[in-house]
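Read the structure below first, then the notes.
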Amino acid sequence: MHRAKVGNLWQAIQRNLFEPRPELPAVDRRKRTRALLRTACEIAGGLEYLHMNDIIHADLVSDFGLSTLLDPKASDYQGQGCGADMSPEVLALKHVSKASDVYAYGILLLEMAQSGPAYSKASCLADLAGRVMNENLRPEWPAHVCPELGKLYQQCVARDPLARPSASTIVATLCRLERQAQVSGHEERAAL
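The sequence shown maps to residues 401 to 592 in my numbering.
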């Protein structure tokens, strides 16, 4: 079994392994951006595989224990997700879908980009849930992190589930961004 050298994903987030902080040297910012893109692409690839097999993860930031087969006739969700990464439709209607997985993926992407919880100032999950559903509350994308990745995040957490990209589209976007980051890194080294 393949194991991550830095521990699990949350440990890597807490150790600031993905956030390209402005005060870092340029080479370190590039490394972190590439690590962010690579890891985000690998997670999206796993989500894509599940969705291609009609499996909804239902709690992307946790374990596989809440996963369920997609049943077009089922309308409600009996799982116990963590709340902060739940889409408005899951909070309001208890309805999980591929689109609700994409929403949770967007929140996870933000947590990787900012090295911490999406809603770090939230005091009460019930209040947070109400604001996500009724006020379209979404965390801001960090201005110092890849703006194109920020656009993808915004698409993932769109209020309308139909406006969210598929896992396959996310993978394609991230692969393109990763290639661009590699090319720009090679060009910078060649200029030295």
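Note that CB positions come from ideal geometry on N, CA and C, so glycine has one too.
Neighbourhood of residue i by C-beta, 6 Å cutoff - its chain only, sequence neighbours within 5 removed
i	result
Ile507	Asp485, Ala518
Trp541	Gly550, Tyr553
Val502	Cys556, Arg564
Length of the line joining the Cα atoms of residue i and residue j
i	j	result
Ser584	Gly550	19 Å
Lys431	Leu424	11 Å
Cys556	Lys405	29 Å
Pro426	Pro565	One point to set straight first is that residue 426 is Ala, not Pro, in the sequence displayed. So the alpha carbons of these two residues sit roughly 31 Å apart.
Glu578	Leu437	6 Å
Glu419	Asn453	32 Å
Beta-carbon spacing of residue i, residue j below 8 Å
i	j	result
Gln546	Thr433	The amino acid occupying residue 546 in the given sequence is Cys; Gln does not appear at that position. Yes, they are a contact pair.
Glu511	Ser500	no
Leu491	Ala529	yes
His451	Ala567	yes
Ser520	Asn416	no
Per DSSP, cross-strand counterpart(s) of residue i
i	result
Ile570	DSSP, once it has assigned bridges, lists no residue as partnering Ile570.
Simplified DSSP state of residue i, which is helix, strand or coil
i	result
Trp410	helix
Gly516	coil
Asp527	helix
Pro422	coil
Leu509	helix
Nonlocal neighbours in the same chain, by C-beta distance under 8 Å from residue i, ignoring five residues either side
i	result
Val571	Cys441, Ala444, Gly445, Glu448
Same chain, Cβ closer than 7 Å to residue i, neighbours up to 5 away in sequence not counted
i	result
Pro422	His544
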